[in-house]
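Colleague: Once you know that position 228 of the sequence shown is 228 in the UniProt record's numbering, the rest is easy, because the numbers rise by one and skip nothing.
The beta carbon of each residue, even a glycine, is placed where N, CA and C say it ideally should be.
Quantities reported herein were computed from a predicted structural model and do not represent experimental measurements.
Handing you this structure, nothing more for now.
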Amino acid sequence: MGDLGWIAYPKNGWEEIGEVDENYAPIHTYQVCKVMEQNQNNWLLTSWISNEGASRIFIELKFTLRDCNSLPGGLGTCKETFNMYYFESDDEDGRNIKENQYIKIDTIAADESFTELDLGDRVMKLNTEVRDVGPLTKKGFYLAFQDVGACIALVSVRVYYKKCPSVIRNLARFPDTITGADSSQLLEVSGVCINHSVTEEAPKMHCSAEGEWLVPIGKCLCKAGYEEKNNTCQAPSPVSTVKKGKITKNSISLSWQEPDRPNGIILEYEIKYFEKDQETSYTIIKSKETAITADGLKPGSAYVFQIRARTAAGYGGFSRRFEFETSPVSVAASSDQSQIPIIVVSVTVGVILLAVVIGFLLSGSCCDHGCGWASSLRAVAYPSLTWRCGYSKAKQDPEEEKMHFHNGHIKLPGVRTYVDPHTYEDPNQAVHEFAKEIEASCITIERVIGAGEFGEVCSGRLKLQGKREFPVAIKTLKVGYTEKQRRDFLGEASIMGQFDHPNIIHLEGVVTKSKPVMIVTEYMENGSLDTFLKKNDGQFTVIQLVGMLRGIASGMKYLSDMGYVHRDLAARNILINSNLVCKVSDFGLSRVLEDDPEAAYTTRGGKIPIRWTAPEAIAFRKFTSASDVWSYGIVMWEVMSYGERPYWEMTNQDVIKAVEEGYRLPSPMDCPAALYQLMLDCWQKDRNSRPKFDEIVSMLDKLIRNPSSLKTLVNASSRVSNLLVEHSPVGSGAYRSVGEWLEAIKMGRYTEIFMENGYSSMDAVAQVTLEDLRRLGVTLVGHQKKIMNSLQEMKVQLVNGMVPL
């Protein structure tokens with residue numbers, strides 16, 4: 001409850017105000033308001049602050065500042081800024097140094113100032129500014145705040161450094177690592193292999209200036225007998241005892257005992273078997289029981305069996321080989337079956353003819369799902385299999401899963417590719433195959449955070465048995481839904497449930513057995529990427545932005561490899577969490593876009609988001625991974641421009657026409673040339689000339705490993721034609737005066753500065769560069785971006801928003 005021990009000089013300058021909040025916690029503020037007196041020079045010195053080994057520190061200030069125009073009289077002496085300084089010291093004996101020994105950090109100005117009216121309404125407009133200092137060479141430092149005649153209250157000073165937190169990656173442990181002194185520096189850190197693992201290639205990662213682990217190199221591998229699971233290597237011991245049960249000419253039954261050292265709860269067993277001397281063609285059965293029957297075997301043949309157990313830590317090693325032989329075919333049985341081939345041929349011919357006729361009759365409805373009479377024929381000819389378009393699965397015991405391999409390639413159910421839920425006649429079958437059913441009692445809905453296509457989107461908590469409660473997002477299906485809406489709603493879950501990637505939104509499960517019907521996904525604290533960027537304009541380093549783009553590209557590479565085409569890739573459909581990890585979302589099957597302003601152009605196949613869509617997809621509805629790459633280029637532009645609307649206020653028809661004529665979006669302000677070139681590559685008219693997503697990921701990785709390659713920016717003169725904005729059409733950014741323009745973008749405070757320096761017309765303003773703004777005293781990065789983006793937008797509107805390739 002005591003004071004902070006800071007020193008004010010002179011004593012009648014900064015004043016400490018001590019209060020308590022409603023919980024009786026202390027609140028300290030420092031205030032000064034000597035606006036009526038000449039030549040103010042009031043200093044406030046903090047106590048000594050240890051930097052704890054950090055060579056770069058950040059200072060976050062929260063303060064209120066009164067508008068000088070609201071003060072009666074004495075306006076010539078009033079200021080709306082104050083200065084911040086620092087002094088390095090190895091101990092606490094350096095506080096009485098002279099003013100000229102302090103090093104200036106910056107002049108701090110307020111984005112928002114308050115007036116006397118605000119005081120009456122108790123509305124205090126709090127400003128937040130962050131500055132960084134480095135490299136530091138001593139153990140600690142002092143901060144100092146200089147007032148030269150402002151009316152200001154310093155509410156909060158937060159001093160911190162950034163670090164990459166301890167993490168296990170690729171079976172290697174990386175320690176807490178304080179970031180480097182340079183804002184673009186990547187520190188190489190060596191990892192140590194965890195228990196039961198050995199080094200394959202020395203594991204390393206790079207700690208970025210923003211406290212993010214980037215660019216993993218090398219890895220550790222689990223020792224023989226151990227297998228990786230959730231970044232660990234503890235595994236059960238092998239199964240040692242296997243007993244044979246009933247044996248027939250076509251089957252062998254086996255049972256076994258649990259491993260001597262299970263090292264946890266056994267979740268399932270994996271049984272591998274193959275015909276002796278035919279090891280390259282084998283079958284795997286997964287079972288939760290300690291007994292199975294392998295059927296479909298050849299009579300009188302020897303088979304080799306191996307079994308291993310799986311716990312939460314992963315699979316143990318396979319048991320030794322156990323060899324068993326099926327019963328031979330008896331002579332009598334052979335004689336009795338001699339007539340079978342003739343009967344089989346006769347029946348098969350009849351069945352095939354019948355199937356062909358039925359297939360032709362029914363093919364019309366089946367073709368709506370992408371399959372023809374051949375599927376009907378297969379279903380008749382092979383009744384042991386359930387067939388759907390592009391996917392098959394053998395009927396079997398629900399506790400067992402069987403897969404066949406030949407020369408290392410899986411034969412059934414097929415390679416892991418995306419399965420269209422529309423191929424299922426019953427949407428419940430699809431959703432329960434790909435999504436886990438969750439009891440509604442496990443879900444706690446806390447608040448509504450948005451509105452989805454089918455109902456509300458909420459945040460809440462999910463508590464599953466044996467797990468801690470954790471935050472989730474919940475999509476609900478609105479009351480009074482139609483059967484088609486329910487099908488489409490569950491279709492999104494059926495798609496999402498097939499994906500498992502750190503940059504794809506993760507499906508926790510669905511609620512279908514009670515109302516409301518729900519889709520439950522992981523919770524992304526920062527919401528949609530476009531809104532998040534707009535709220536944090538200019539707040540991230542280029543490396544951080546590239547890291548976001550890399551995550552999106554990685555997720556899209558995964559989807560492309562799965563054979564899934566997104567069709568609606570845009571920043572609004574990317575979610576971002578508190579660690580700035582971006583995840584692709586929005587997997588709706590048939591989006592209802594009538595109310596979506598981004599989809600105001602209708603084609604025969606439905607409405608599509610023109611500003612993000614490739615030309616061939618607009619003209620011919622040719623959606624491919626290459627058209628997703630075009631959309632990714634637009635997302636890159638959105639990210640680097642902090643959520644600007646692509647093509648600004650151009651109409652969709654104008655966008656279509658201009659893109660067809662070869663024009664492309666200009667580079668965002670302060671965009672590295674390498675990133676803009678990648679955007680242009682994504683916007684190649686010939687879709688075969690566009691990069692693949694794996695190539696995009698590789699290019700971004702190279703840029704992250706070599707931050708200096710991001711320092712070359714696109715030349716300002718090449719971004720837009722330097723044309724007069726006064727001639728732009730009314731309603732698209734035309735302003736009658738410089739003051740009117742600045743007021744419209746909430747930068748009216750700079751009107752007098754512009755006028756005093758000769759920028760009295762929009763003709764003159766059109767020539768302003770970033771260097772000119774700095775010379776005029778516009779030092780806040782956010783204000784610089786707002787002014788330059790406004791000028792760029794007006795220029796771009798004049799030339800249809802683009803520059804030629």
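Measure from the alpha carbon of Ile-27 to the alpha carbon of each residue in Cys-68, Ser-156, Gln-498, then state which is nearest.
Modeller: The candidate whose alpha carbon is nearest that of Ile-27 is Ser-156.
Colleague: Ordered along the chain, which non-local residues of its own chain (more than five positions away) have a Cβ less than 6 Å from that of Arg-388?
Modeller: For Arg-388, the pLDDT reaches just 30, beneath the cut-off of 50, and the residue's location in the model is therefore unreliable, although a value from the coordinates is still provided. Answer for Arg-388: Thr-423, listed in chain order.
Colleague: Measure the C-alpha to C-alpha separation of Tyr-676 and Leu-713 and round it to an integer number of angstroms.
Modeller: Their backbone Cα atoms lie some 9 Å apart in a straight line.
Colleague: Tell me the DSSP secondary structure of Val-148 in three-state form.
Modeller: Correct three-state label for Val-148: coil.
Colleague: Alpha carbons only, please: which of Lys-79, Asn-83, Glu-52 is nearest the one belonging to Ser-89?
Modeller: Nearest of Lys-79, Asn-83, Glu-52 to Ser-89, Cα basis: Glu-52.
Colleague: With 16 other CB atoms within 10 Å as the buried threshold, where does Phe-499 fall?
Modeller: Buried, since its Cβ has 16 or more Cβ neighbours within 10 Å.
Colleague: Return the CA-CA distance between His-506 and Glu-210, expressed in angstroms with no decimal places.
Modeller: Taking the straight line joining both Cα atoms gives about 26 Å.
Colleague: Buried or exposed for Arg-321, please, with buried defined as at least 16 other CB atoms from any protein chain shown within 10 angstroms of its CB.
Modeller: Exposed.
Colleague: For the beta strand (DSSP E) containing Asn-127, list its first residue and its last residue.
Modeller: Element bounds for Asn-127: 127-133.
Colleague: Just list the beta strand (DSSP E) runs in the stretch 479-561, keeping only unbroken ones of 3 residues or longer that don't cross its boundaries, in chain order.
Modeller: Runs found: 507-511, 518-522.
Colleague: Name, in chain order, the residues that DSSP records as bridge partners for Cys-582.
Modeller: The partner list for Cys-582 (beta bridge, DSSP) reads Ile-576.
Colleague: Within the same chain, show all residues whose beta-carbon is closer than 8 Å to that of Pro-299, passing over the 5 residues directly before and after it, in chain order.
Modeller: Here the set comprises Lys-249, Asn-250, Thr-326, Ser-327, Pro-328, Val-329.
Colleague: Would you grab the beta carbon distance between Met-524 and Lys-583 for me? Rounded to a whole angstrom, and I think it's under 8 Å.
Modeller: At roughly 7 Å, the Cβ-Cβ gap stays under 8 Å, so Met-524 and Lys-583 are in contact.
Colleague: Cβ atoms of Ala-493 and Ala-451: under 8 Å apart, would you say?
Modeller: No, they are not a contact pair.
Colleague: To the nearest angstrom, how far is the alpha carbon of Lys-746 from that of Ser-790?
Modeller: Going by the C-alpha atoms only, they are around 11 Å apart.
Colleague: Based on the DSSP secondary-structure assignment, which residues constitute the bridge partners of Asp-106?
Modeller: According to DSSP, which records beta bridges pairwise, Asp-106 is partnered with Met-84.
Colleague: Exposed or buried, which one is Val-655 when buried takes at least 16 other CB atoms within 10 Å?
Modeller: That one is buried.
Colleague: Applying the criterion that 16 or more other CB atoms from any shown protein chain within 10 Å of the CB defines a buried residue, is Lys-785 buried or exposed?
Modeller: Buried is the call here.
Colleague: Assuming Trp-256 contacts Lys-243 (C-beta within less than 8 Å), just tell me the rounded distance between them.
Modeller: Rounded, the Cβ-Cβ distance is 7 Å, consistent with contact.
Colleague: Which residues does DSSP pair with Asn-42 in a beta bridge?
Modeller: DSSP output for Asn-42 lists Asp-147 as bridge partner(s).
Colleague: Pull up the distance between the alpha-carbon of Ser-504 and that of Ser-585, whole angstroms please.
Modeller: This sequence places Ile at residue 504; Ser is not what is there. Approximately 7 Å, taken between the alpha carbons.
Colleague: Measuring only the C-alpha atoms, how far is Thr-29 from Leu-4?
Modeller: Using only the alpha carbons, I get a separation of about 10 Å.
Colleague: Given that a residue counts as buried once 16 or more other Cβ atoms are within 10 Å of its Cβ, and exposed if not, what is Ser-631?
Modeller: The residue in question, Ser-631, is buried, as its Cβ has 16 or more Cβ neighbours within 10 Å.
Colleague: Hey, quick one: how far does the alpha helix (DSSP H) through Tyr-424 stretch, first residue to last?
Modeller: Premise fails: Tyr-424 is in no alpha helix (DSSP H) and is neither H nor E.
Colleague: By the DSSP assignment, the beta strand (DSSP E) with Met-205 in it spans what residues?
Modeller: Segment 197-207, the beta strand (DSSP E) holding Met-205.
Colleague: Looking at the unbroken alpha helix (DSSP H) that takes in Pro-615, where does it start and where does it end?
Modeller: Here the alpha helix (DSSP H) through Pro-615 covers 615-620.
Colleague: Report the three-state DSSP secondary structure of Val-781 (helix, strand or coil).
Modeller: Note: Val-781 maps to helix in three-state DSSP.
Colleague: Hey, is the stretch 673-689 in contact with the stretch 191-203, meaning 3+ C-beta pairs nearer than 8 Å?
Modeller: Too few Cβ pairs lie closer than 8 Å, so no.
Colleague: What is the residue span of the alpha helix (DSSP H) that Thr-751 lies within?
Modeller: 751-756 is the extent of the alpha helix (DSSP H) around Thr-751.
Colleague: Could you compute how far the alpha carbon of Cys-220 sits from the alpha carbon of Gln-234?
Modeller: Whole-angstrom Cα-Cα distance: 14 Å.
Colleague: DSSP state of Phe-318, grouped into three classes?
Modeller: Phe-318 falls in the coil class under three-state DSSP.
Colleague: For the putative contact between Leu-44 and Ala-8, defined by C-beta atoms under 8 Å, what is the C-beta separation to the nearest angstrom?
Modeller: Contact holds; Cβ gap of about 5 Å.
Colleague: Give me the Cα-Cα distance between Leu-770 and Met-788, rounded to the nearest whole angstrom.
Modeller: Computed Cα separation, rounded: 7 Å.
Colleague: Report back the beta-carbon spacing between Trp-741 and Tyr-750 to the nearest angstrom; my notes put them in contact at under 8 Å.
Modeller: Not quite, the Cβ-Cβ distance comes to about 11 Å (not below 8 Å), so this is no contact.
Colleague: Would you kindly report the start and end of the unbroken beta strand (DSSP E) that includes Phe-693?
Modeller: Note, Phe-693: premise wrong, no beta strand (DSSP E); alpha helix (DSSP H) at 693-705.
Colleague: Just to confirm my understanding: we take Ser-55, look at its own chain, exclude 5 residues before and 5 after, and list those with CB closer than 6 Å. What are they?
Modeller: Closer than 6 Å at the Cβ level, and outside the excluded window around Ser-55, lie Gly-134, Pro-135, Leu-136, Ala-181.
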